[in-house]
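Taking it in order: structure first as structure tokens, then the write-up.
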Amino acid sequence: GAGVSQSPSNKVTEKGKDVELRCDPISGHTALYWYRQSLGQGLEFLIYFQGNSAPDKSGLPSDRFSAERTGGSVSTLTIQRTQQEDSAVYLCASSLDGYDNEQYFGPGTRLTVT
Amino acid sequence: AQRVTQPEKLLSVFKGAPVELKCNYSYSGSPELFWYVQYSRQRLQLLLRHISRESIKGFTADLNKGETSFHLKKPFAQEEDSAMYYCALWSYQKVTFGIGTKLQVIP
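Sequence order for the protein chains is P and U.
Going by this note's numbering, the first residue of the first sequence is number 2, and it counts up by one from there.
Going by this note's numbering, the first residue of the second sequence is number -3, and it counts up by one from there.
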């Protein structure tokens, strides 16, 4: 079956612009995760959704970052007023539920802020 | 706060040599630990998790609560093992990954 998909695969934007990144999880997976992978860094956990709810948003780097999930499926990560330090690969993963924690990762969105 | 430490960014070994990728963690509760692998041009994928206590592709990892470690081991490295390896700690609602270790197996 189809795996986790993310769009766009690449995004180049000017500093100060807003961007929206999309994640389509595996059908039936109720848990969804967003990560950021910067050059030379590990995976930075951003946020976790169980269904449409994100109980803990403290991993988001700043208030310019927001995420939502609708219908228990698609999720969008929005970055407002992008900065150069936001340049990274943004990864999305899903798992069957929050307790079955084998995560299936998407291919990522490479964001470049110029 | 939970933390995962992978002290080596790069580990080079010869084909046929033993491999040990180190992972140490700090967590106040009972940890659930994983190793994920990313081969070149492929997605990040689960390699193994400590609760299953299985061997995948010849790799094993034992959770040592006394030393707070979850090192990944393989007795004989193969060229196809060259990849990035990430240790991860899962707790309710949050996942912490290490910085990753690049394993390079030299033919």
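Ideal Cβ placement from N, Cα and C applies to all residues, glycine included.
Note that the structure is a prediction, hence the values are computed from the model and not measured.
Chain P within 7 Å of residue i, Cβ atoms only
i        : result
Leu40(U) : yes
N-terminal and C-terminal residue of the beta strand (DSSP E) that residue i is part of
i        : result
Tyr36(P) : Ala32 to Gln38
Ser48(U) : Looking at the DSSP string, Ser48(U) is not in any beta strand (DSSP E), and its letter there is neither H nor E.
Cys93(P) : Ala89 to Ser96
Leu68(U) : Leu68 to Lys70
Ser8(P)  : Ser6 to Ser8
Asn82(P) : In the sequence under discussion, the amino acid at residue 82(P) is Arg, which differs from the Asn named in the question. No beta strand (DSSP E) contains Arg82(P), which DSSP labels as neither H nor E.
Asn20(U) : Asn20 to Ser22
Glu16(U) : Val15 to Leu17
Thr1(U)  : Arg(-1) to Thr1
Beta-bridge partners of residue i, as assigned by DSSP
i         : result
Tyr49(P)  : Tyr34(P)
Cys83(U)  : Trp31(U)
Leu102(U) : For the sequence presented, residue 102(U) should be read as Ile rather than Leu. Ile102(U) is bridged to Phe10(U).
Thr97(U)  : Tyr81(U)
Ser59(P)  : BP columns for Ser59(P) are empty, so no partner.
Thr77(P)  : Arg23(P) and Glu69(P)
Thr14(P)  : Val114(P)
Gln41(U)  : Val33(U)
Gly44(P)  : Checking the sequence shown, residue 44(P) turns out to be Leu, not Gly. DSSP lists Gln38(P) as partners of Leu44(P).
Lys90(U)  : Ser87(U)
Ala3(P)   : Partner(s): none; Ala3(P) has no beta bridge.
CB contact flag (residue i, residue j, <7 Å)
i         : j         : result
Leu7(U)   : Leu85(U)  : no
Asn20(U)  : Thr92(U)  : no
Thr77(P)  : Arg23(P)  : yes
Gln2(U)   : Thr97(U)  : yes
Pro108(P) : Arg39(U)  : yes
Gly54(U)  : Lys70(U)  : yes
Leu61(P)  : Phe50(P)  : no
Val13(P)  : Thr113(P) : yes
Gly48(P)  : Arg65(P)  : At residue 48(P) the sequence reads Ile, which differs from the Gly that was named. Taking 7 Å as the Cβ cut-off, Ile48(P) and Arg65(P) do not qualify as a contacting pair.
Residue-chain proximity (residue i, chain U), Cβ-Cβ < 7 Å
i        : result
Pro26(P) : no
Leu78(P) : no
Leu44(P) : yes
**Request:** Pull out every residue of the segment 52 to 69 of chain P whose Cβ sits closer than 8 Å to any Cβ of chain U, in chain order.
**Result:** Of all residues in the segment 52 to 69 of chain P, Pro56, Asp57 and Gly60 have a Cβ within less than 8 Å of some Cβ in chain U.
**Item:** Residues from the segment 82 to 102 of chain U in contact with chain P, defined by Cβ distance under 7 Å
**Value:** Closer than 7 Å at the C-beta level to chain P, one finds these residues of the segment 82 to 102 of chain U: Tyr82, Trp86, Gln89, Lys90, Val91, Thr92, Phe93, Gly94, Ile95 and Gly96.
**Request:** Residues of the segment 96 to 113 of chain P with a CB closer than 9 Å to any CB of chain U: list them in chain order, please.
**Result:** Taking 9 Å as the Cβ-Cβ cut-off against chain U, the residues of the segment 96 to 113 of chain P that qualify are Gly99, Tyr100, Asn102, Glu103, Gln104, Tyr105, Phe106, Gly107, Pro108 and Gly109.
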